[in-house]
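Residue numbers (this note's numbering), protein chains in the order written: chain A, 754 to 994; chain B, 754 to 994. Ideal Cβ positions, reconstructed from N, Cα and C, are used throughout, including at glycine. Computed from a predicted model, the values in this text were never measured in an experiment.
There are 2 protein chains.
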Amino acid sequence: MIFKKKPIVAFPPKDFYRLDHKMYVATDCIILGYDSNNLKLLLFQRNLEPFKGEWSLIGTFVHLDESLEEASERVLEQTTGLTNIFMEQTFTYGGLKRDPGYRCVSIVRYALIRLDEHDTKLAKEYHAKWFSLDELPNMILDHQQMINDALEILREKAKKQSIGFELLPKKFTLPQFRRLYESIYQKEIDPRNFRKKVLSLDILTKLEEKDKSNSKKGAFLYTFNALKYGKNFASKAGLDF
Amino acid sequence: MIFKKKPIVAFPPKDFYRLDHKMYVATDCIILGYDSNNLKLLLFQRNLEPFKGEWSLIGTFVHLDESLEEASERVLEQTTGLTNIFMEQTFTYGGLKRDPGYRCVSIVRYALIRLDEHDTKLAKEYHAKWFSLDELPNMILDHQQMINDALEILREKAKKQSIGFELLPKKFTLPQFRRLYESIYQKEIDPRNFRKKVLSLDILTKLEEKDKSNSKKGAFLYTFNALKYGKNFASKAGLDF
DNA sequence: TATAATAAATGTAATATTTACATTTAATAA
DNA sequence: TTATTAAATGTAAATATTACATTTATTATA
C-alpha cells in the first residue's frame, strides 16, 4: 500500500512514535458549589508567572503515572480536601495558541461539591475565592470558554439528573432546591410547578424540621432518598423546566 | 505560602515544564454514515504492528503545528476525501494502560457524512470497511467504549438537531428519515407520529419527485430547507421520540 | 386488463405533560 | 393584636405525546 499523503496512526511507520509529537497534557477543574441561592465557582489567583495575579481555574499537568481522572481528583482534593466527588468531563481544549510558549492540551472536568463540606483553610492557602456566575472576573487563556461550555453541559445534565443531590446540603428546603435550578437554568421557575414536578418524582423524604433562616413561617426540610432516587428518576421528563 | 502537598499548575515552579510530563496526544475519529436504512461506521483494518490485522477507528497523532480539530479533519479528509463536515468532540480517553508501551491520550470526535459523497477508492486504500452498528467486529484498545459513548452523545444531539441534515442524501424520503432516527434511537417510531412531528417543525421542502426504489407506490422526496431550519428548529421538543 | 401485492400516506381520540395563575397559612416581630 | 413575610397549595387551559387502522398509488403478474 502506498501512502498518497502523510501516513496516519492506524498504520504507524516505526519512526512515528517520535518525541516531537509529545505535548503537555493538563487538566483544568471547574469547581461548582451552591450557596445562598447562587451557583458559585471556585477560582484561583495565580501567585507566580506567567499570569501572576490573574484569575484562573485550578489545573495541573497530568503525570505519566496517573489517569486523567486521578489528576483532576488530585487537584480537587488538594484545593478543597474533598474526595469521592461527582466529576464529569466536558471538553478538551487544544488550540495551537491557547497557551503561550508551549503546546499544551487541557482536559476539563467539572466538579459539584457541597460548599459547607469543603476545607476553607485550603482554599485560602491556594488563593482561591468563590464567585457568583454573574460576577466572574477576567480569566486567563480560554478559561471563560471552558466555563461557558461546562455550564451548558451542566444544564443538560440537570434535566436528567438531580444535580441537587451533589450541590445541596444533606438537608434542604424546596425553595432552596428551586433556586438552585433557577440559577442553573438562569430563569425563574414557578414555585407551584416546581414543587409539583419534583414531588412527583418521589425521590425526596420530607422531615419534620423546618429551616427558618429565610422566613418567619419556615420551610420544611427534605433529604434525598438515594434508594428511591435510583428507582424513580428514570422518568423521561426528569427536571426540565 | 507553603505547599503541603505536591504543587499544582496554577502556581508552577520553574522546573515544572519538564519533558517527563509530555505525552503522545492522538485523536480518533468516529466516522458515521447512513445507508440502506442503517447507521454505519467506518472501521480500519490495521496493516502494521501493533495490532496488525485488527479493526480500529482511524486516528492520528496530533502534530505540534495543528489544532485538535485540524488533526481530526486531516484524518477525515485523508480517508474519505471530505472536508467541511459536521464533527463534534465526545470525550478524551487517557487511562494509564489504554495503549501498551507508551502513554497516549486520545481526543475523540465523531463525524457525520453522506455515504454517497465519500471517496470509496480512498477507503479501499486505507483498508476501511463500513459496518452496521449491530455487527461491529472486535476492536483494539478502548475503541468500542469510544463508540458507545459517541452513540449516546449522538442520540442526545439527534433530539435537538436534525442529524438528517448531515447524514441523508440531499433528497430523501420521510420513511428514509424515519428509519435513520429508528437506527439512532434503536427503536421503532410510529410512521404517523414521526411524520406529524417532523412536518410540524416546518424545515422541509416537499418535491414533486418520488423515489420508487423501495415501493411500487413510491415515496415523495424532500430536501432540508436550511433557511427554515435555522429559523424553526428552536422548538423545545425537537425530534425526541 | 383485472387483480394481487406492497409500502406510502393519512387522522383522530385518549392520555400525559406543561404552563399560567392567586390565595391561604404559619410564624415572627412590631 | 396586627403587620409582615415567605411558604404552601390547586386547578383549568393549552400543548405534546401516544396508540392505533384504513386508504392510496403504483407495479407486477395472472
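- Query: What residue ranges within the region 924-957 of chain A form continuous alpha helix (DSSP H) runs of no fewer than 4 residues, ordered along the chain?
  - Reply: 927-938 and 944-954
- Message: By the DSSP assignment, the alpha helix (DSSP H) with residue 862(B) in it spans what residues?
- Response: That residue, residue 862(B), is in no alpha helix (DSSP H); its beta strand (DSSP E) goes 857-865.
- Query: Would the beta-carbon of residue 783(A) fall within 8 Å of that of residue 863(A)?
  - Reply: yes
- Query: Grouping DSSP H, G and I as helix and E and B as strand, with all else coil, what is residue 839(A)?
  - Reply: Residue 839(A): strand per DSSP, three-state reduction.
- What's the call for residue 979(B), buried or exposed, on a 16-neighbour Cβ count within 10 Å? Residue 979(B) should be labelled exposed.
- Query: In its own chain, which residues sit with a C-beta less than 8 Å from the C-beta of residue 826(B), not counting the 5 before and 5 after it?
  - Reply: 836, 838 and 840
- Task: Show which residues of chain A have a CB atom less than 8 Å away from the CB atom of residue 856(B).
- Result: 817
- Task: Go to residue 885(A), then tell me how far its beta strand (DSSP E) extends in each direction, as first and last residue.
- Result: Its beta strand (DSSP E) spans residues 881-885.
- Message: Give me the chain A residues within the contact set of residue 842(B), using Cβ-Cβ distance strictly less than 9 Å, ordered along the chain.
- Response: 844 and 845
- Message: For a test of the three-state rule: what should DSSP assign to residue 798(B), helix, strand or coil?
- Response: Strand at residue 798(B).
- May I ask which residues mark the beginning and end of the beta strand (DSSP E) holding residue 781(A)? 775-788
- the region 884-916 of chain B: which residues have C-beta closer than 8 Å to a C-beta of chain A, in chain order? 909
- Task: Could you spell out where the alpha helix (DSSP H) holding residue 973(B) opens and where it closes?
- Result: From DSSP, residue 973(B) is part of no alpha helix (DSSP H) but of the beta strand (DSSP E) over 972-977.
- Three or more beta-carbon pairs under 8 Å between the region 779-796 of chain B and the region 863-875 of chain B, yes or no? yes
- Check the C-beta distance from residue 775(A) over to residue 776(B) and give it rounded, since I have them as a contact under 8 Å. 6 Å
- Query: Which residue from 964(B), 952(B) and 860(B) puts its Cα closest to that of residue 814(B)?
  - Reply: If we check each option's Cα against that of residue 814(B), 860(B) comes out closest.
- Task: On the DSSP bridge assignment, give the partners of residue 811(A) in chain order.
- Result: 782(A)
- Message: Check this for me: beta carbons of residue 798(A) and residue 880(A), under 8 Å apart or not?
- Response: yes
- Chain-ordered chain B contacts of residue 775(A) [CB-CB under 7 Å]: 775, 776 and 777
- Query: Bridge partners of residue 846(B), per DSSP?
  - Reply: 859(B)
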